[in-house]
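Enquirer: Can you keep this structure in mind? I'll have questions shortly.
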Amino acid sequence: MNGLTFDIAHLLAGGLVLVSFMMLYQDRLFALINVFALHAVVLALSVAWQAYVQDAHHLYVTAAIALIFKAIVIPVGLHRIIQRIGIHRDIETAVGIGPTMLAGIGLVALSMVLMLRVTPEADPLAREDLAFALSIILLGLLVMVTRRNAVSQVVGFMSLENGLVLAATGAKGMPLVVEISVAFSILIAFIVIGVFLFRIRERFDSVDVGALDDYRGERR
Amino acid sequence: MALIAELAVQGAQMMLVLLLAPLLTGFVRKVKARLLRRQGPSLIQPYRDLLRLMRKEVVLAGNASWLFRVIPYLIFAATWVAAALIPTFATGLTFSWTADLIAIVALLGSARFFLALAGMDVGTSFGGIGASREVMIASLAEPAMLLIVFSLALVAGATQLSTVAAFMGSPEVGLRVSLGMSLIALVMVALAENARIPVDNPSTHLELTMVHEAMVLEYSGRHLAMIEFAAFLKLLLYVSLISCVFIPWGLVTARSGPGAYALGVAVYIGKLALSGILLAVFETAIAKMRVFRVPDFLGAALMLALLGTLLLFVSRSL
Amino acid sequence: MTAPFDAVAAILLIPVGAAALLAALPNYKMSAGLNVAASFLTLLAALSLFITDRPQPGQYLLVDDLNIVFIVLNTFVGFTTSVFSASYIAHELDTGRLTAPNLRFYHAMYQIMMLGMNLAFVSNNIGLMWVAVELATLTTVLMVGIYRTHEALEAAWKYFILGSVGIALALFGTILVYMAAQPVVGEGTNAMVWTVLIEQAARFDPALLNVAFVFLLLGYGTKVGLAPLHAWLPDAHAEGPTPISAVLSGLLLNVALYAVLRFKLLLAASPEAIAPGPLMVAMGLTSLIFAAFMLYRRRDIKRLFAYSSIEHMGIIVFAFGMGGPLANFAGLLHMVMHSLTKSAIFFAVGHIAQVKGTQKIADIRGLTETHPGLGWALVIGVVAIAGLPPLGIFMSEFLVVSSTFARQPLLAIPLVFGLLLAFGALLLRLTGVAFGEPRGSTAPVEASYVPMYSHLALVFGAGIYLPASLVTWFQHVADILG
Amino acid sequence: MTSIVALLLWGAAAFLGTAMLAVAVSRRGSATHLVYGATLGISAVMFAIATAALTGDPAGVSPVTLPLGLPWIGAHFRLDALSAFFLVVVNLGGTVASLYGLGYGHHEPAPHRVLPFFPAFLAGMNMVVLADDAFTFLLSWEFMSLASWALVMAHHREQDNTRAGYIYLVMASFGTLALLLAFGLLAGPDGTYTFDAMRAAEPSRFAAAAALVLMLLGAGSKAGLVPLHVWLPLAHPAAPSHVSALMSGVMTKVAVYGFLRVVFDLLGEPAWWSGVVVLFLGGLTAVLGILYALMEKDLKRLLAYSTIENIGVIFVSLGLALAFKANAMPSAAALALTAALFHVLNHSFFKSLLFFGAGAVLTATGERNMEKLGGLIHRMPLTSFVFLVGCVSISALPPFNGFVSEWLAFQAILQSPDLPQWGLKVMVPAVGGLLALSAALAAACFVKAFGITFLGRPRSAAVEQAQEVDRYALAAMFTLAALCLLAGILPGLVIDGLSPVTLSLIGSRMPVQMAQPWLSIVPIAESRSSYNGLLVFVFIAISASLAAFVIHRFASHALRRGPAWGCGFPDVTPAAQYTAVSFAQPIRRVFGTFAFRAREKVEMPPPGATAPARLTVEIHDVVWETFYQPITGAVGYATEKLNRLQFLTIRRYLTLVFLYLVTLLLVLALWP
């Protein structure tokens, strides 16, 4: 493995972590969604780079899904939903931005410590990748936990999933990666549809079933 | 042949307690009266009372049950058997091993059990008062008595009264603190058990202070005679018990011949007289206490007895 | 008998075919019958695994001693539940809680769910297993929400969200295992094949395995319902149709547990990795005691038994965490007994809720008086689940508690405490529901007693007598589990 | 030849078969006769076999192993002297209870809730005694609890009964778990669950101590040792009366068996302090039990509390036996153990008898509350006679059986000054005092029970309509009354019968008693102590008849019925009689203030006011308030706090997951 490929992969993965951090301090929904789109773009680049490096062409599909679906379709869809059902556009935080950032730094450190314990004989690319992927996953969870709005939680989940895809593509020769990314995309679509169907304006728990019945046109 | 003689001595002992019991009560009454500067009834007044009662008709409460009519005989029998098992003038009689001290205490317990039931049979409130107070007193007196028995048994190494008496008569006993405690406790228990002052007053009929009398309130005629007789026997029993254990001198052993027996009986009567005088003096000198002071009195007896036993246990290993 | 591999194929293909047919059939009576028939056929196929030679483990499928227990149990309870479901669903249709299109969907989903669970058991590939578990989970999500009441949808939604996070965590764990295996085994599918992994596990990177196990334990543990990852479970049980509650408690939890066990084996095979035992013991105890406390304040009868499932999963995980031949044996036995008993309880509860028209515990009283068949079934079931003899769970609890106390007295104390606490709660509710002055409807019930009483009879039989062949086999599996 | 054990197991199987049959036929009219007839026959046969085994050579009976229960161990069953003796107790109780049930069962409003469980209960008790491995033992033990629980729940419509059943089963489960831990300790990590293996193993000192404590918790909770007794006075009275008799008279004995089996048989040499612990608990139980009984006005609950007292008496003797055994004083230990076992037998007689009597009263009047009874001696003369016999026996009065076992216990206490340890020296006489106190209080209690229930005037209309019970019930009660007298006047027979048990557990026995002249019993030597129940009985009979004879020969025969005298106060109403509560008032004043924190409050209206004066008595169940209320309070508090977790938002649940994940990762990161 030559240094450049490694550096580029490293850079892209690091970039993803950085973008994850950016998500932590967004306080407007639209801004958050835009940052997420950026996240997806960086992921797509990273995956594509891996496809190129590993010479695994099927990974291009994953990259394409990331780009088209997550960077374009979902953000646009979420924008629409926010407007359609009139979601409040501020992000309500459960924990303040400052502590969240500190916690995020802690989480990244934690992932680093964990992954550095992995024996150095392992593929360094994989090792770094994993550390970043773990960070992204934990940061995604952190977003889900510290944000009260359902939409921001969806975004957190999607960034978490981006971490998964990063990890999966970083694992050399891992089978089923494409299938998994497709499956996850469907899952996310379900969640987004659910947010829309249940008219979840604020919290996940505020399921509005009447809306669903209206939609189906069969109120009991 | 020897067996018949022994049985005869045993029978004589049984008759002796029967004959002496009313006399003891009469004697105590007489001494008490004299102490109060009264003439007092004659010594044989209790015998007359009994005969008189026997000749009277029985007036039975309308709803008295068969149990009510059986109980006087049961009480009399149980007390008599118990009294007959105490060595009065001789130890080691034929049937003395039939029951040891614990069993004698329990026989008296049986008598009391039935007496309390008799008090409840007719369903008057006085009977209930008497019975409930009697069992309360018994519930403290009986454990105290058993602890005294423990002390004696630990000293003498037996619960068999003949053995205890023989041991107490022997020089190896000496003066012991725990025995003194036991004696005091035993006297206190005996006072309570026989319904004497300060626990109860045998001659009162003031309703709210009665215990024993309240239970037998409904009895009359021959039934009352049996119960009175049992009470006389019980007094005799306790006096004999105390004297045979704590003043065991003069007790003859079994199979020692008629002369010795006669001497034993004489000594025994002397002991009875002495105890009777002491009892009368004590009763005259002290006032009756309230019913709910009785637990304190008996509790003191219980504690003394327990202390005596504990001391023995502890000193055994020293 | 045909070639052995067909049995495995049948286990997978029968549900697929049945699901396709059921999705097309409009008549609910026929589809209920077909559902029963398909489940029965699957059961037969599973049973045939006993008598035929086992197939060689392939890259994707595997039949070994461990999973055959699970497969047979799964198909059996799947079959009895389908029988119960037939009578249950008829009543739901009568009362209008479900419509015919709902039912078509329901029956098709039932078979897909069975497919998912069977696939999870027979898969020899950790990726495939993950897919199968998720398939089963997502179908149950849909089933839970089928009544489309506010509560049902909320429960389904909660299940969905928490389940999704669990899915993600489990996937990350799976990826980590792959990463650990890849340097040793080489790239490609082989690094996900279970039989290959377990052989080479000693050479895997222990640090990676550790992290992987944490993620897998949490990911699959969410589905096992271990506290504090349990939040979806009570609601999903309470709000879904009762046959699904029975399947959830009796089977789906086992599926997730099976996955955890597989990875526990993997970790145990690597000497330098952390011992998975203490972690599982801690999680098990937490779940047990937590669920025991939660049992006291339950007002909904199905939610009550859902918490009891959490409690029992805690015991099972505890037993496997303790390890050793006795505890593992007990864990396996407990798992089987719990599946049978808990589904029987849910069968009874389903009918009870139907006849009383409520799931509120306070509104159900004196069942043994008004509905002796149901009431006594519930009594026996609760007595069994509470671990009283002569029923099967007593034996497993006996083994767990006594072997634990001999080895780790301090661990046995909280275990016993939790057991007693849970017992008190369950009995309290049982006394209220089964005894006392009857309350609520006394209308006769058209219940299918066969499924629940056959389960209870099995549990009873196992409590007294375990066939020697079953025992040696369990012991063998217990040895595998180390 | 098939082993006796196999025969006995067939008996247990026959009980179970009867239970199955009862499920099928229980709603038919003839079911009562069928089921109780069957149990009567089976338990009579079992009783005969067990008696033969006890008098024969139980050591030679070969054990039986069935391929049931724990798979790799199987179900072991064995008969030795100890189990033979307890089989006698169990099946004698079963026989008379079945006999009683033949008649009593017809008054049962819900036979289908009693008939199937009654034989099952008997089977469970028999199997506990026969079991020879930990699993079979616990299985049978818990089966026994379960069957009796079902019987307690027979009259489930009364709320008190369901509560009783609940507390009962929870406490039973607690006990089983304690036993389970004890056996786990004895079996070791390899799971050698057979009693043979446990006997062979030498438990460490810690293990032996822990096992003893756990046995006290486990067997003690079943037997009713204070403070684990709380369920007993609730559950025993709630069952139908013949079941109450079995529970009180027999099941508590099975608990004693469990204690004996483990502590005397499996644990090996006891430590001396174990005697102190058992003595203390026994003495406490005896006194508190009987004080509770005295405060009670429900007849069956009174009997249940008295069971607690008797268990205390038994445990005092067991504690003595332990102390003697630990100090290598085998003959004294044999004496104490004999006293305990004798009392086990006695209590099974008279407590069954008394519960049968209470059941008879219950069927005749529909009342358990003594304040509504009274004067039953006129309506039910036979029942009242046998009840009186039971009361006399349980009050430890000669010449009945209760006295003999107490007497033996006192004799054992008198052996104790030779014990070397100071703890025991101080404890034993104190416990002796407690024993005496409890005996005296028991007498008071049963004066109250008999006096209030059967004597006096009827306190309610139901009593005036009461009828004597049927002949089956009377036959059962008279059998037991006869046994009480027999065991009282021929104690030597029983003591000799118990000698194989003491030989096997202690390695020593009391001297042969039946060879003594005049059939006395002599524990050590005649000069030290002896008792002859037969002669006491004969003497009392002779002197009572002599007195009666003399009186009838020479005294007046005149008898007149008239109104009661009562010091000239005619009692207008039966309500003015002494009641159960007022009877106990003096004792409550003496002991109640510290045992029950009893308070009496008198509200006296001012002079001239027309308001009634009022006396209120407040009694606290100190044990419940000290031990159980804090537990229920703590559980309630914890559940309330934890229950909030049921109502969190999804985000908070996710937070839990997240925090858990991070914690685990941190653990990993910090792992050395």
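Those protein sequence lines, which keep their order, are chains A, B, C and D. Heads up, the first sequence is in the numbering used here, so the first residue is 2 and it goes up one at a time. Heads up, the second sequence is in the numbering used here, so the first residue is 55 and it goes up one at a time. Heads up, the third sequence is in the numbering used here, so the first residue is 521 and it goes up one at a time. Heads up, the fourth sequence is in the numbering used here, so the first residue is 3 and it goes up one at a time. The beta-carbon is built from N, C-alpha and C at its ideal position, and this holds for glycine as well. Computed from a prediction, not measured in an experiment: that's the story for all the values here.
1) Hey, how far is the Cα of D:P65 from the Cα of D:G39?
2) Taking A:P176 as the reference, which of C:V651, C:R823, C:G1002 has the closest Cα?
3) Please work out which residues of its chain come closer than 7 Å, Cβ to Cβ, to A:L131, disregarding the five sequence neighbours upstream and downstream, and give them in chain order.
4) Quick one, which of D:V265, D:M512, D:L11, D:A445 has its alpha-carbon nearest D:H78's?
5) When DSSP labels each residue in this structure, what does B:T363 get in the three-state scheme?
6) Give every residue of the same chain whose Cβ lies closer than 8 Å to the Cβ of B:T148, excluding the five residues on either side of it in the sequence, and list them in chain order.
7) If you draw a straight line from the C-alpha of C:M633 to the C-alpha of C:T659, how long is it?
8) Please list, in chain order, the chain A residues whose beta carbon lies closer than 8 Å to that of C:Y698.
9) At the level of alpha carbons, what is the spacing between C:A523 and C:P845?
10) If I follow the unbroken alpha helix (DSSP H) through B:E60, where does it start and stop?
11) Measure the CB-CB distance between D:I379 and D:S308 and report whether it falls below 8 Å.
12) Would you mind giving the Cβ-Cβ distance between D:I491 and D:F539, rounded to the nearest angstrom? I have them listed as a contact below 8 Å.
13) Applying the 10 Å Cβ sphere with the 16-neighbour rule, what's the burial state of D:V265?
14) Measure the alpha-carbon distance for D:V514 versus D:A341 and round it to whole angstroms.
15) Answer with buried or exposed for C:K880, where buried requires no fewer than 16 other C-beta atoms within 10 angstroms of its C-beta.
16) Is A:V146 near A:V193, with beta carbons less than 8 Å apart?
17) With distances taken between CB atoms, is the gap from D:L81 to D:I169 smaller than 8 Å?
18) Around the Cβ of C:R818, are there at least 16 other Cβ atoms within 10 angstroms (buried) or fewer (exposed)?
19) Flag this pair as touching only if the segment 201 to 218 of chain B and the segment 261 to 280 of chain B have three or more C-beta atom pairs under 8 Å; answer yes or no.
20) For the beta strand (DSSP E) that D:R646 lies in, which residues bound it at each end?
21) Cα separation between D:L281 and D:G434?
22) What residue ranges within the segment 428 to 485 of chain D form continuous alpha helix (DSSP H) runs of no fewer than 4 residues, ordered along the chain?
23) What's the call for D:M512, buried or exposed, on a 16-neighbour Cβ count within 10 Å?
24) Alpha carbons only, please: which of B:V203, B:P76, B:L162, B:V293 is nearest the one belonging to B:R102?
25) Does the CB of A:V152 have a neighbour CB from chain D at under 8 Å?
26) Who pairs with C:K862 in a beta bridge, going by DSSP?
27) Just to confirm before moving on: does the CB-CB distance between B:Y292 and B:N248 stay below 8 Å?
28) Hey, would you say C:L808 sits closer than 8 Å to C:L815, going by beta carbons?
29) For the segment 589 to 612 of chain C, which residues have a beta carbon sitting closer than 7 Å to at least one beta carbon of chain A?
30) Which residues in chain D have a C-beta closer than 8 Å to the C-beta of B:S179? List them in chain order.
31) Anything in chain D within Cβ reach of A:L115, meaning under 7 Å, just list it in chain order.
32) With distances taken Cα to Cα, identify the nearest neighbour of C:L749 among D:L668, D:T657, D:A671.
33) Between the segment 128 to 146 of chain D and chain C, which residues of the former have CB atoms less than 7 Å from a CB of the latter, in chain order?
34) Using a Cβ-Cβ cut-off of 8 Å, state whether D:H158 counts as contacting chain C.
35) Since B:A219 contacts B:V306 with CB under 8 Å, what's their CB separation in whole angstroms?
36) According to the Cβ coordinates, are C:A812 and C:A945 closer than 8 Å?
Expert: To lay it out plainly:
1) Their backbone Cα atoms lie some 30 Å apart in a straight line.
2) Here the closest residue by C-alpha is C:V651.
3) Once the five neighbours on either side are set aside, the close Cβ partners of A:L131 are M116, A168, G171.
4) Looking at the Cα atoms, D:L11 is the closest of the given residues.
5) DSSP places B:T363 in helix when its eight states are reduced to three.
6) Correct list, in chain order: L57, E60, L61, V63, Q64, A308.
7) In a straight line, the C-alpha of C:M633 is about 6 Å away from that of C:T659.
8) For C:Y698, the C-beta contacts it makes with chain A under 8 Å involve A172, M175, in order along the chain.
9) Only weak support is given to the placement of C:A523: the predicted model assigns it a pLDDT of 47, under 50, and the value that follows is read from those uncertain coordinates. If you take the alpha carbons of C:A523 and C:P845, they lie about 34 Å apart.
10) Its alpha helix (DSSP H) spans residues 56 to 89.
11) Going by C-beta atoms, D:I379 is not nearer than 8 Å to D:S308.
12) Indeed they touch by this definition, with Cβ atoms about 5 Å apart.
13) Per the 10 Å Cβ criterion, buried.
14) Approximately 15 Å between the Cα atoms of the pair.
15) So C:K880 ends up on the exposed side.
16) Note that the C-beta distance between A:V146 and A:V193 is not below 8 Å.
17) Going by C-beta atoms, D:L81 is not nearer than 8 Å to D:I169.
18) Around the Cβ of C:R818, a 10 Å sphere holds 16 or more other Cβ atoms; the residue is buried.
19) Too few Cβ pairs lie closer than 8 Å, so no.
20) Neither: D:R646 is in no beta strand (DSSP E) and is coded neither H nor E.
21) Roughly 10 Å separates the two Cα atoms.
22) The segment 428 to 485 of chain D contains these whole alpha helix (DSSP H) runs: 463 to 466.
23) D:M512 comes out buried.
24) Taking B:R102 as reference, the option from B:V203, B:P76, B:L162, B:V293 with the minimal CA-CA separation is B:P76.
25) It does not: the Cβ of A:V152 has no partner Cβ on chain D nearer than 8 Å.
26) None, per the DSSP bridge assignment.
27) Yes, Cβ-Cβ distance for B:Y292 and B:N248 is below 8 Å.
28) Contact: no.
29) Those residues of the segment 589 to 612 of chain C that come within reach of chain A (Cβ to Cβ, closer than 7 Å) do not exist; the list is empty.
30) Within 8 Å Cβ-Cβ: G568, F571, D573, A578, Q579, Y580.
31) Here the neighbours are L667, L670, A671.
32) Ranking D:L668, D:T657, D:A671 by Cα distance to C:L749 puts D:T657 first.
33) The residues in question are F137, L140, L141, E144, F145.
34) Yes, its Cβ sits closer than 8 Å to a Cβ of chain C.
35) Your pair B:A219 and B:V306 does not check out as a contact, with CB atoms roughly 11 Å apart and the cut at 8 Å.
36) C:A945 sits close to C:A812, with the two beta carbons spaced by under 8 Å.
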